[in-house]
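Asks: Sharing a structure below in structure tokens format, with a few things to ask.
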Amino acid sequence: MNKIPFLSFNKLHESIRDNVLDAIAQVYDSYWYINGPAVSAFEKEYAAFNRVEHCVGVANGLDAIFLSLKALGIGAGDEVIIPSNTYIATALAVSECGAIPVFAEPDVRTYNLDPRKIEALISSRTKALIPVHMYGQACQMEEILDIANAHKLYVVEDNAQSHGALCNEKLVGSFGDVNATSFYPGKNLGAIGDAGAVTTNRADLADTIRKMRNYGSSKKYYNEIQGYNMRLDELQAAVLNEKLKHLRLWNNERQVLADRYNKQLENVGDVILPYTYPECSHVYHLYVIRTRHRDELQQYLANHGIETLIHYPVPIFMQEAYKHFRKDRAKYPIACALSREVLSLPLYIGLDEEVQDRIVYTIKNYFSSHA
Ligand SMILES: *Cc1c(COP(=O)(O)O)cnc(C)c1O
């Protein structure tokens, strides 16, 4: 019996192999390896894709969030509201600025930041909100922006999992003051190493971040501010340029696979399927189900050669790294329940229908024989 991996690059990377290797060879032969034409070209293409004025390539998603907050002047003592169930990078970026992450419980249906729970968390120190489009579904951005405007808060989208998702026909990564994304290899648009970007319609923020990522300099050896080295690598930009051409098609394929799961897993055991609000779209970076039998189901699938993952098994406020928040865990019952009950099923470009059918069949078998 063949093993079914959680993620496979086989078909995806085979299909574009020649073009990607050509693009890499071009960089190699150009002798221009830092902030060269591939980075500029990718920034232009990605800004156009995202329908924003500016894109600034950076080294990874964490740096993208950090630089966004830093450019907005967020620092020591400020509070930034983030979802209680996000990946730790969102919180680390806030901490790296010297600011304090404040956790908001998610919408129990979509696992996204719940606009109805934000206002109670706003204090005189709150400076910004970070909506994270979890698993690939756009947050309810209209409601979130209304709250931000009413309280004069900045909005920084964490768009790492949702390239191409829409809210009311507008692309994520174009709502906030400045927005951060990651091109970690497994993301919907992924490099072959670390990479990230910020997107914004504000020229001043784009300029600041462009300087910050490059030692605070826009002219070689003249440093206007104390910056960082957080540049997007030229080789990664060349790869991303090739892959970006296919992103819409790949997102469609993910949606077709997700629809097949949605249809076939309806009314199976106590499984809760992903819910999508009508005004939002979902690009299924992850296909996440919820069940009270999560650990047993995961073990059963593993015994049958099917690999699954958990996003995420330990909420940020329970991590060793943030142990000072553990005492507050009772405030986050939804995030705690999700960490015990969510399971991400294999979903990747080139996943065969027969393979997907075997996953569904095995899940159904588990529930008819166990739960
Ligand atoms: C992947 C991810 C990040 C961080 O991206 P890196 O490129 O690995 O630094 C940030 N936020 C979310 C929600 C992510 O999924």
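Going by our numbering, the sequence shown opens with residue 1, and the numbers climb by one from there. All C-beta atoms in this analysis are idealised placements derived from N, C-alpha and C, irrespective of residue type, glycine included.
(1) Is the beta carbon of Thr199 less than 7 angstroms from the beta carbon of Val52?
(2) Express the C-alpha separation of Cys55 and Ala47 in angstroms, rounding to a whole number.
(3) Following the continuous alpha helix (DSSP H) through Pro37, name the residue where it begins and the one where it ends.
(4) Is Val56 near ligand 2, going by C-beta to nearest heavy atom under 6 angstroms?
(5) What's the C-alpha gap between Ala26 and Ala38?
(6) Quick one: Cα of Leu257 to Cα of Val360, how far?
(7) Under 7 angstroms between the Cβ atoms of Gln161 and His285?
(8) Using a threshold of 7 angstroms, state whether the C-beta atoms of Tyr215 and Gly227 are closer than that.
(9) Out of Val342, Gly186, Arg358, Tyr184, which one is the CA nearest neighbour of Asn2?
(10) Start and end of the alpha helix (DSSP H) containing Leu69?
(11) What distance in whole Å lies between the Cβ atoms of Ser344 and Tyr404, which are believed to be in contact at a cut-off of 8 angstroms?
(12) At 4 residues or longer, what runs of the alpha helix (DSSP H) sit wholly inside the stretch 302-367?
(13) Return the CA-CA distance between Leu297 and Met318, expressed in angstroms with no decimal places.
(14) What are the residues that DSSP puts in a beta bridge with Ile81?
(15) Taking the alpha-carbon positions, what's the Ala128 to Ala203 distance?
(16) On a CA-only basis, which of Leu166, Asn168, His133, Lys170 is nearest Val156? Give me that one, please.
(17) In whole angstroms, what is the alpha-carbon distance linking Met212 and Val58?
(18) For the candidate residues Ile24, Asp328, Lys245, whose alpha-carbon lies nearest to that of Glu45?
(19) Can you give me the C-alpha to C-alpha distance between Ala237 and Ala165, rounded to a whole angstrom?
(20) What residues sit near ligand 1, counting only those whose C-beta is closer than 6 angstroms to one of its heavy atoms, in chain order?
(21) Buried or exposed: Leu249, going by 16 or more other Cβ atoms within 10 Å of its Cβ?
(22) Out of Ser217, Lys364, Glu279, Asn112, state which residue places its alpha-carbon closest to the alpha-carbon of Leu301.
(23) Got a sec, what are the start and stop residues for the beta strand (DSSP E) Ile225 sits in?
(24) Between the stretch 58-74 and the stretch 88-106, do three or more beta carbon pairs fall short of 8 angstroms?
Replies: Put simply:
(1) For this step, residue 199 is matched to residue 199 along the sequence shown. For this step, residue 52 is matched to residue 52 along the sequence shown. It is a contact, given that the beta carbons lie within the stated cut-off.
(2) Mapped onto the sequence shown, residue 47 falls at position 47. Mapped onto the sequence shown, residue 55 falls at position 55. Rounded to the nearest whole angstrom, the C-alpha separation of Ala47 and Cys55 is 5 angstroms.
(3) Here the question's residue 37 lines up with position 37 in the sequence shown. Run containing Pro37: 37-49, per the alpha helix (DSSP H) assignment.
(4) Ligand 2 is absent from the structure shown, which contains only ligand 1.
(5) On the sequence shown, position 26 is the one that residue 26 refers to. On the sequence shown, position 38 is the one that residue 38 refers to. For the record, residue 26 in the displayed sequence is Gln; it is not Ala. A straight line joining the alpha-carbon of Gln26 with that of Ala38 spans about 9 angstroms.
(6) Within the sequence shown, residue 257 is the residue found at index 257, counting from 1. Within the sequence shown, residue 360 is the residue found at index 360, counting from 1. Computed Cα separation, rounded: 12 angstroms.
(7) In the sequence shown, the residue the question calls residue 161 occupies position 161. In the sequence shown, the residue the question calls residue 285 occupies position 285. In this structure, His285 lies closer than 7 angstroms to Gln161 by Cβ.
(8) Within the sequence shown, numbered from 1, the residue matching residue 215 stands at position 215. Within the sequence shown, numbered from 1, the residue matching residue 227 stands at position 227. For Tyr215 and Gly227, yes; Cβs fall inside 7 angstroms.
(9) Along the sequence shown, one-based indexing puts residue 2 at 2. Nearest option by C-alpha distance: Arg358.
(10) Position 69 of the sequence shown, counted from the first residue, corresponds to residue 69. For Leu69, the enclosing alpha helix (DSSP H) has its first and last residue at 61-71.
(11) Because the chain is modelled from 1 through 371, residue 404 falls outside the range shown and cannot be assessed.
(12) Those alpha helix (DSSP H) runs which fall completely within the stretch 302-367 and span 4+ residues are 333-341.
(13) Residue 297 sits at position 297 when you count from the first residue of the sequence shown. Residue 318 sits at position 318 when you count from the first residue of the sequence shown. The straight-line gap separating the alpha-carbon atoms of Leu297 and Met318 is approximately 24 angstroms.
(14) Within the sequence shown, numbered from 1, the residue matching residue 81 stands at position 81. In the DSSP output, where bridge partners are listed per residue, Ile81 has Val102, Leu129.
(15) Taking the first residue of the sequence shown as 1, we reach residue 128 at position 128. Taking the first residue of the sequence shown as 1, we reach residue 203 at position 203. Computed Cα separation, rounded: 19 angstroms.
(16) Here residue 156 refers to the residue found at position 156 of the sequence shown. Closest option to Val156, Cα to Cα, is His133.
(17) In the sequence shown, residue 212 corresponds to position 212, counting from 1. In the sequence shown, residue 58 corresponds to position 58, counting from 1. Looking at the two C-alpha atoms, the distance is approximately 10 angstroms.
(18) Here the question's residue 45 lines up with position 45 in the sequence shown. Nearest option by C-alpha distance: Lys245.
(19) The sequence position of residue 237 within the sequence shown is 237, counting from 1. The sequence position of residue 165 within the sequence shown is 165, counting from 1. Whole-angstrom Cα-Cα distance: 21 angstroms.
(20) Residues whose Cβ lies closer than 6 angstroms to any heavy atom of ligand 1, listed in chain order: Asn60, Gly61, Leu62, Thr86, Tyr87, Ala89, Thr90, Val132, Asp158, Ala160, Gln161, Ser182, Tyr184, Asp194, Gly196.
(21) Along the sequence shown, read from residue 1 onward, the residue named residue 249 stands at position 249. Exposed, because fewer than 16 other Cβ atoms sit within 10 Å of the Cβ of Leu249.
(22) Taking the first residue of the sequence shown as position 1, residue 301 is located at position 301. Nearest option by C-alpha distance: Lys364.
(23) The count along the sequence shown starts at 1 and reaches residue 225 at position 225. From DSSP, Ile225 is part of no beta strand (DSSP E); its letter is neither H nor E.
(24) Three or more pairs of CB atoms, one per stretch, sit closer than 8 angstroms, so the stretch 58-74 contacts the stretch 88-106.
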